[in-house]
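Taking it in order: structure first as structure tokens, then the write-up.
2 protein chains.
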Amino acid sequence: METIEIVKSEIRNPQSAIRNSNLPIGIFDSGVGGLTVYRALHERLPHEHFVYLGDTARVPYGTKSLSTVERYAIENAKFLEGHGIKLLVVACNTASALALPAIRAAVRITVVGVIDPGARAAVEIAGARKIGVIATEATVQSGAYASAIARINPTIEVIERACPLFVPLAEEGWADTEVARAVAAEYLQDFTKEDIGALVLGCTHYPILRDLIGDVIGRSAPLIDSGEAAAGEVEALLESSGLSSAQAERGTERQLCDDLDHFYVTDAAERFAKVAERFLGAAPSVLEAVEVWGHDELRTH
Amino acid sequence: METIEIVKSEIRNPQSAIRNSNLPIGIFDSGVGGLTVYRALHERLPHEHFVYLGDTARVPYGTKSLSTVERYAIENAKFLEGHGIKLLVVACNTASALALPAIRAAVRITVVGVIDPGARAAVEIAGARKIGVIATEATVQSGAYASAIARINPTIEVIERACPLFVPLAEEGWADTEVARAVAAEYLQDFTKEDIGALVLGCTHYPILRDLIGDVIGRSAPLIDSGEAAAGEVEALLESSGLSSAQAERGTERQLCDDLDHFYVTDAAERFAKVAERFLGAAPSVLEAVEVWGHDELRTH
Numbered sequence: 057m058e059t060i061e062i063v064k065s066e067i068r069n070p071q072s073a074i075r076n077s078n079l080p081i082g083i084f085d086s087g088v089g090g091l092t093v094y095r096a097l098h099e100r101l102p103h104e105h106f107v108y109l110g111d112t113a114r115v116p117y118g119t120k121s122l123s124t125v126e127r128y129a130i131e132n133a134k135f136l137e138g139h140g141i142k143l144l145v146v147a148c149n150t151a152s153a154l155a156l157p158a159i160r161a162a163v164r165i166t167v168v169g170v171i172d173p174g175a176r177a178a179v180e181i182a183g184a185r186k187i188g189v190i191a192t193e194a195t196v197q198s199g200a201y202a203s204a205i206a207r208i209n210p211t212i213e214v215i216e217r218a219c220p221l222f223v224p225l226a227e228e229g230w231a232d233t234e235v236a237r238a239v240a241a242e243y244l245q246d247f248t249k250e251d252i253g254a255l256v257l258g259c260t261h262y263p264i265l266r267d268l269i270g271d272v273i274g275r276s277a278p279l280i281d282s283g284e285a286a287a288g289e290v291e292a293l294l295e296s297s298g299l300s301s302a303q304a305e306r307g308t309e310r311q312l313c314d315d316l317d318h319f320y321v322t323d324a325a326e327r328f329a330k331v332a333e334r335f336l337g338a339a340p341s342v343l344e345a346v347e348v349w350g351h352d353e354l355r356t357h
Numbered sequence: 057m058e059t060i061e062i063v064k065s066e067i068r069n070p071q072s073a074i075r076n077s078n079l080p081i082g083i084f085d086s087g088v089g090g091l092t093v094y095r096a097l098h099e100r101l102p103h104e105h106f107v108y109l110g111d112t113a114r115v116p117y118g119t120k121s122l123s124t125v126e127r128y129a130i131e132n133a134k135f136l137e138g139h140g141i142k143l144l145v146v147a148c149n150t151a152s153a154l155a156l157p158a159i160r161a162a163v164r165i166t167v168v169g170v171i172d173p174g175a176r177a178a179v180e181i182a183g184a185r186k187i188g189v190i191a192t193e194a195t196v197q198s199g200a201y202a203s204a205i206a207r208i209n210p211t212i213e214v215i216e217r218a219c220p221l222f223v224p225l226a227e228e229g230w231a232d233t234e235v236a237r238a239v240a241a242e243y244l245q246d247f248t249k250e251d252i253g254a255l256v257l258g259c260t261h262y263p264i265l266r267d268l269i270g271d272v273i274g275r276s277a278p279l280i281d282s283g284e285a286a287a288g289e290v291e292a293l294l295e296s297s298g299l300s301s302a303q304a305e306r307g308t309e310r311q312l313c314d315d316l317d318h319f320y321v322t323d324a325a326e327r328f329a330k331v332a333e334r335f336l337g338a339a340p341s342v343l344e345a346v347e348v349w350g351h352d353e354l355r356t357h
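One line per chain: the protein sequences are B and L, in this order.
Here the first sequence is numbered in the numbering used here, starting from 57 and rising by one per residue.
Here the second sequence is numbered in the numbering used here, starting from 57 and rising by one per residue.
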């Protein structure tokens, strides 16, 4: 990591940039968990560059209400739109579940959430069998995954469970401990008793616990990483709209967290860098703390 | 619980009220954890009534930075001061550790934090032995407990450890499970190896896990609940300043969560009520969702 500095972000002109293929892809998350989505996007699209915003001043979203999550999500989306991006990925499952219509109404760029891609991937793999979903309290209460799955195939039964302890387990770096195994056994017991055709990892932190969750669930139920599924959809969208980076033709592939990818957080940049190192094996080269609230009045100071 | 309604709080005139013994005691916390401090205050001062603010829209504070915690704490303190209170208790250990000077500069009433009372109680019990402190990441990093203990007795050695999983364990209602025991054994191993004279529960959630923590630590190290210690100081302060409620003379004792105690949250009132039931065995009779930010411009709408 080269710099951690507190700056007010510049606002670039979004209008002129909407269809510019050389712009970065914007990603926002409630905090550090969305780095698993960044990693999935980077792996799928190694020629693209990214702008990531983690709303670490207001994390987590998973225990908050619809109106609050909507407000935070819109502020994040507008911040990234103002930064100049060609497409916005809402990495946070809770924000995708609760606030996607509000975000789409608030910005002019294409917005991709993680719920629909995750639901589609799960239905594809599960066939006629039940689908399990693990997520935050707010995502489970929203019923967003169940609705998305029902829109594709209304006969599929969906079993959902909130797993709040998975987030601190992942952030503590305890994925590979007996404690984590005991927590997973408790949370996942409803799924191990059932004939589950797929289990959706419906929170950005859960892929960090992927091996553990897979062990506890057993081989019969494949795990669906909604972030990976969303990365596939982003690739298809860029290709179909002619927005893929010209770098792809030149074959330039980039390193995770190199200095073309810009990371913004709304608070506690050092903690973000530490957890990023744990999640990605690399800390961001460019990481800045910004304010995203009151964005309409945001000025460079 | 009789009502959960979304209202903008009225602002009453703080100046005229500063020395009115019949006013409530204000308590704020980052969320639901401060209910353990409310319970301790209620037990110690059954004639007083309370106004509690849980900043559930921005919880937790324990992973956030100094400047952010200061900003949130000042907004909460001003909200409660505007409500008309005779004394403010900062129940949140993180806010007490990071923001007490900023809060005291921002309001005109007496402000009691939980760090100094907890430190004093620990020194009293530990004698010359080491003192253990468990708390949030931010509280541990601030070194507030170590500094407070050093001000009383600079020769005492302090060992601190952040225990982030304790909060969701308490909120899940998992205090009495094997999972919680395994987490506690991991977090507390540094303390069980040492000759600890007292262990400070430096986060409002931890008293919910008191029996478990006591079992793992063993009988040699008494547990110090900073909220209980703060309640003792509040009692002494009220008496010495003539601010004790006149109800005390009439011998009227009140029930926990009855309709004289008003609870405000900044988000997700239903979740707050559910966890309150788990923590206190009773949900608030009067619970309202409010906005506390931009308080200087706060108006009734």
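For every residue, glycine included, the Cβ atom is placed at its ideal position computed from N, Cα and C.
This one's a predicted model, so the numbers in the text were calculated from it and none came from an experiment.
In this structure, how does DSSP classify residue i when only helix, strand and coil are distinguished?
i	result
Ile74 of chain L	For Ile74 of chain L, the pLDDT reaches just 42, beneath the cut-off of 50, and the residue's location in the model is therefore unreliable, leaving the point undetermined.
Gly337 of chain L	coil
Gly188 of chain L	strand
Val146 of chain B	strand
Leu316 of chain L	coil
Asp255 of chain B	Checking the sequence, you will find Leu at residue 255 of chain B rather than Asp. Strand.
Asp85 of chain L	strand
Glu216 of chain B	strand
His357 of chain B	Any answer about His357 of chain B is weak, because its pLDDT of 31 lies below 50 and its placement is not dependable; what the coordinates show is given next. The answer is coil: DSSP assigns His357 of chain B none of H, G, I, E or B.
Val321 of chain B	strand
Ala302 of chain B	coil
Gly138 of chain B	helix
Does residue i have its Cβ less than 8 Å from a Cβ in chain L?
i	result
Val235 of chain B	yes
Ala238 of chain B	yes
Thr124 of chain B	yes
Glu58 of chain B	The pLDDT assigned to Glu58 of chain B is 43, lower than 50, so where the model puts this residue is not dependable; a value taken from the coordinates is nonetheless given after this. No, its Cβ sits nowhere closer than 8 Å to a Cβ of chain L.
Glu333 of chain B	no
Leu47 of chain B	Past the boundaries of the shown model lies residue 47 of chain B; chain B is included only from 57 to 357, so the question cannot be answered.
Lys428 of chain B	Limits of chain B in this structure are 57 at one end and 357 at the other, which puts residue 428 of chain B out of reach.
Pro220 of chain B	yes
Roughly how many angstroms separate the alpha carbons of residue i and residue j, rounded to a whole number?
i	j	result
Leu101 of chain B	His261 of chain B	21 Å
Glu344 of chain B	Ser123 of chain L	15 Å
Glu333 of chain L	Glu326 of chain L	11 Å
Leu79 of chain L	Tyr320 of chain L	16 Å
Ala151 of chain B	Tyr128 of chain B	9 Å
Arg237 of chain L	Thr119 of chain L	24 Å
Arg95 of chain L	Glu126 of chain L	25 Å
Val348 of chain B	Ser282 of chain L	35 Å
Ala339 of chain B	Gly82 of chain B	18 Å
Leu336 of chain L	Leu265 of chain L	13 Å
Tyr243 of chain L	Arg310 of chain L	38 Å
Gly229 of chain L	Phe84 of chain B	31 Å
Leu312 of chain B	Gly89 of chain B	16 Å
Ser341 of chain L	Leu316 of chain L	8 Å
Pro173 of chain B	Val170 of chain L	47 Å
Leu97 of chain L	Glu284 of chain L	7 Å
Glu137 of chain L	Ser121 of chain L	24 Å
Ala191 of chain L	His103 of chain B	43 Å
Ala147 of chain B	Asp251 of chain L	47 Å
Glu99 of chain L	His105 of chain L	11 Å
I'd like to know if residue i contacts chain B, where contact means its C-beta is closer than 8 Å to some C-beta of that chain.
i	result
Arg114 of chain L	yes
Leu136 of chain L	no
Leu225 of chain L	yes
Ser77 of chain L	no
Ser296 of chain L	no
Ala324 of chain L	yes
Name the residue from the options whose alpha carbon lies nearest to the alpha carbon of residue i.
i	options	result
Val196 of chain B	B:Leu257, B:Ala240, B:Asp85 and B:Trp349	B:Leu257
Asn209 of chain B	B:Ile187, B:Leu225 and B:Leu221	B:Ile187
Ala287 of chain L	L:Ala200, L:Leu144 and L:Pro340	L:Leu144
Ile141 of chain B	B:Pro157, B:Thr166 and B:Ala153	B:Thr166
Ile273 of chain L	L:Asp323, L:Val168, L:Asp314 and L:Val239	L:Val239
Val56 of chain B	B:Ala254, B:Asn149 and B:Glu227	Only positions 57 to 357 of chain B appear in the structure, and residue 56 of chain B is not among them; the question remains open.
Thr248 of chain B	B:Arg176, B:Arg275 and B:Thr233	B:Arg275
Ala254 of chain B	B:Val189, B:Leu293 and B:Ala153	B:Val189
Gly270 of chain B	B:His103, B:Glu291, B:Ala241 and B:Leu294	B:Ala241
Arg217 of chain B	B:Thr211, B:Leu225 and B:Gly199	B:Gly199
Would residue i count as contacting chain D if we go by Cβ distances under 8 Å?
i	result
Arg327 of chain L	Of the chains in the structure shown, none is chain D; the protein chains are B and L.
Any heavy atom of the ligand ZN closer than 7 Å to the CB of residue i?
i	result
Asp317 of chain B	Ligands are entirely absent from the displayed structure, and the ligand ZN is therefore not among its contents.
Ranges of the alpha helix (DSSP H) found wholly within the stretch 150 to 187 of chain L, counting only runs of at least 4: Unbroken alpha helix (DSSP H) runs of no fewer than 4 residues, entirely contained in the stretch 150 to 187 of chain L, are found at 171 to 182, following chain order.
Runs of beta strand (DSSP E) wholly within the stretch 219 to 286 of chain B (minimum 3 residues, chain order): Entirely contained in the stretch 219 to 286 of chain B, the beta strand (DSSP E) runs reaching 3 residues are, in chain order, 252 to 258 and 279 to 281.
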